[in-house]
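Colleague:
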Amino acid sequence: MTKVGFIGLGIMGRPMAINLINAGHEVTAFDVFPAAIQPVVDAGGSAASSCAEVASKSDIVVTMVQDGPQAEAAIAGEGGALEGASPGDLIIDMSSIAPGVSQRIGEACEKAGVGFIDAPVSGGEPFAISGDLAIMVGGKADLFERAKPLFDIVGKSSVLCGDVGAGNVTKLANQIVVGANIHGLAEALALATKAGVNPETVFNAIKGGLAGSNVMNAKGPMMFERNFTAGFRIELHQKDINNAMETARDLGIPLPVTANLQQVLTSLVEKGYGKEDHSGILHFVEENAGIEVKKF
Ligand code: NAD
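Each step along the sequence shown adds one to the number in this note's numbering, with nothing skipped, and position 43 is 46.
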């Protein structure tokens, strides 16, 4: 049994913390939004009143917050985990953030003698609840091995991708592939609809061929059934693609498909679609084409 601290108890963090409790770990939890802590206390965890207090009561601290600024505040900011951590502790940031920010947090941890790995996830709320997340890890191999028993509880796979930041590079790669696929799928179903061919039929005809994918299977039916309930919110995908473009700029690499995706997601957020599932990229295509995709 490990003393685990958990910071950030939102859509993803709450079920992950509860899975750690159910597996027998002693979990101390904190969220800046106090109501988020109660479900974790109800499941058998203890509440703390700051990130520093979480760290002072734990050997391993997991953070699962929205983006880089929140992760930096929770770990290296005033009252952050590093203020309560002891040398030899381990901090695992499982949020999806820019790799450069992970590296900055890693350096602050190293100065304090605290281990750090970045370990963003794929799979969304359903896999967070079932403990089946795919985990992409950056950091030293010995720290990865130390974290592995926890990863085996919250996830079904964990892969060490390289040094600190490599987990988030991998997550950005994942988000580019997923976003570009959804945009292509939306254009394909719009074309079919405009040509008078049932988009559901097109989906069924092509899903077993080279075009088929997990993305198509998950998002195609949401499009032609017009169910845009998140799922993975457009505003979170926008955040990831902004981080991808920031990273591409720092590295000096052109990514035109990703740059276009950034424009599409920005347009959708500005039009008020940010809380919808990212299958709602379809709205962008539909509004340009003046059609509505629907099975018939
Ligand atoms: P969320 O907004 O539901 O939860 C984040 C929580 O962190 C909130 O409860 C917030 O109050 C808390 N928080 C923020 N700053 C804090 C601080 N300094 N101290 C303590 N608590 C703090 O977000 P989420 O959907 O759980 O996503 C978390 C991360 O996981 C994001 O980086 C997201 O991109 C990633 N992710 C989400 C999904 C998904 O489907 N929701 C899937 C894969 C990855």
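Backbone N, C-alpha and C define an ideal beta-carbon position, used for all residues, glycine too. If you're wondering where the values come from, they're calculated on a predicted model, not measured in any experiment.
(1) Using DSSP with H/G/I as helix, E/B as strand and the rest coil, what is M15?
(2) Less than 8 Å separating the Cβ of A39 from some heavy atom of the ligand NAD?
(3) Out of L146, G11, I132, point me to the one whose CA is closest to I120's CA.
(4) In the DSSP assignment, find the beta strand (DSSP E) that holds T31 and state where it starts and stops.
(5) Can you tell me which of the three DSSP states M248 falls into?
(6) Name the one or two DSSP bridge partners that R236 has.
(7) In angstroms with no decimal places, state the Cα-to-Cα distance between R229 and G103.
(8) DSSP beta-bridge partners for S125?
(9) Can you tell me whether S52 is buried or exposed? The criterion is at least 16 other CB atoms within 10 Å of its CB, across all chains shown.
(10) Would you say the stretch 64-81 touches the stretch 4-12, given that touching needs at least three Cβ pairs under 8 Å?
(11) Have a look at A144 and A150 and give me their C-alpha separation to the nearest angstrom.
(12) Starting from I94, follow the alpha helix (DSSP H) in both directions and report where the run begins and ends.
(13) To the nearest angstrom, report how far apart G283 and I209 are at their CA atoms.
(14) How many Å lie between L85 and E290 at the Cα?
(15) Can you give me the C-alpha to C-alpha distance between M244 and G187, rounded to a whole angstrom?
(16) Hey, quick one: how far does the beta strand (DSSP E) through T66 stretch, first residue to last?
(17) How about A131 and V124: are their beta carbons less than 9 Å apart?
(18) So, with DSSP's three-state summary, where would you put V180?
(19) Checking 9 Å against the spacing of the C-beta atoms, do G127 and F235 come in under that value?
(20) In angstroms with no decimal places, state the Cα-to-Cα distance between I21 and I108.
(21) Please state whether the Cβ-Cβ distance between G182 and T261 is less than 9 Å.
(22) Answer with buried or exposed for K174, where buried requires no fewer than 16 other C-beta atoms within 10 angstroms of its C-beta.
(23) Where do the N-terminal and C-terminal ends of the beta strand (DSSP E) with G165 fall, by residue?
(24) Where P18 and L136 are concerned, what is the direct C-alpha to C-alpha distance, given to the nearest angstrom?
(25) How far does the alpha helix (DSSP H) with V104 in it reach, from first residue to last?
(26) Give a yes or no on contact between the stretch 58-69 and the stretch 92-101, applying the rule of three or more CB pairs nearer than 8 Å.
(27) So for F9, helix, strand or coil by DSSP?
Modeller: In short, the structure shows the following:
(1) In this structure, DSSP gives M15 a state outside helix and strand, which the three-state scheme calls coil.
(2) Because some heavy atom of the ligand NAD lies under 8 Å away, the Cβ of A39 counts as near it: yes.
(3) Among L146, G11, I132, the Cα nearest to that of I120 belongs to L146.
(4) 29-33 is the extent of the beta strand (DSSP E) around T31.
(5) Reduced to three states, the DSSP call for M248 is helix.
(6) Bridge pairing for R236: D280 [DSSP].
(7) Looking at the two C-alpha atoms, the distance is approximately 37 Å.
(8) Residue pairing by DSSP puts S125 in a beta bridge opposite A137.
(9) Result: exposed.
(10) The stretch 64-81 makes contact with the stretch 4-12: 3 or more CB pairs, one atom from each, lie closer than 8 Å.
(11) A144 and A150 have their C-alpha atoms spaced approximately 10 Å apart.
(12) Counting along the chain, no alpha helix (DSSP H) covers I94; the unbroken beta strand (DSSP E) around it starts and ends at 93-96.
(13) Straight through space, the alpha carbons of I209 and G283 are spaced by roughly 21 Å.
(14) So the two alpha carbons sit approximately 48 Å from each other.
(15) Residue 244 is actually Ile in this sequence, not Met. The C-alpha of I244 lies about 16 Å from the C-alpha of G187.
(16) Counting along the chain, the beta strand (DSSP E) containing T66 begins and ends at 63-66.
(17) A contact, by the Cβ cut-off of 9 Å.
(18) Under the three-state reduction of DSSP output, V180 falls in the helix class.
(19) Cβ atoms of G127 and F235: closer than 9 Å.
(20) Cα to Cα, I21 sits roughly 26 Å from I108.
(21) Against a cut-off of 9 Å, the Cβ pair of T261 and G182 comes out as a contact.
(22) Answer is buried; the Cβ neighbour count reaches 16.
(23) That run of the beta strand (DSSP E) goes 158-165.
(24) Taking the straight line joining both Cα atoms gives about 11 Å.
(25) Element bounds for V104: 102-114.
(26) A contact between stretches requires three or more CB pairs, one per stretch, nearer than 8 Å, and the stretch 58-69 meets this requirement with the stretch 92-101.
(27) Three-state DSSP puts F9 in a strand.
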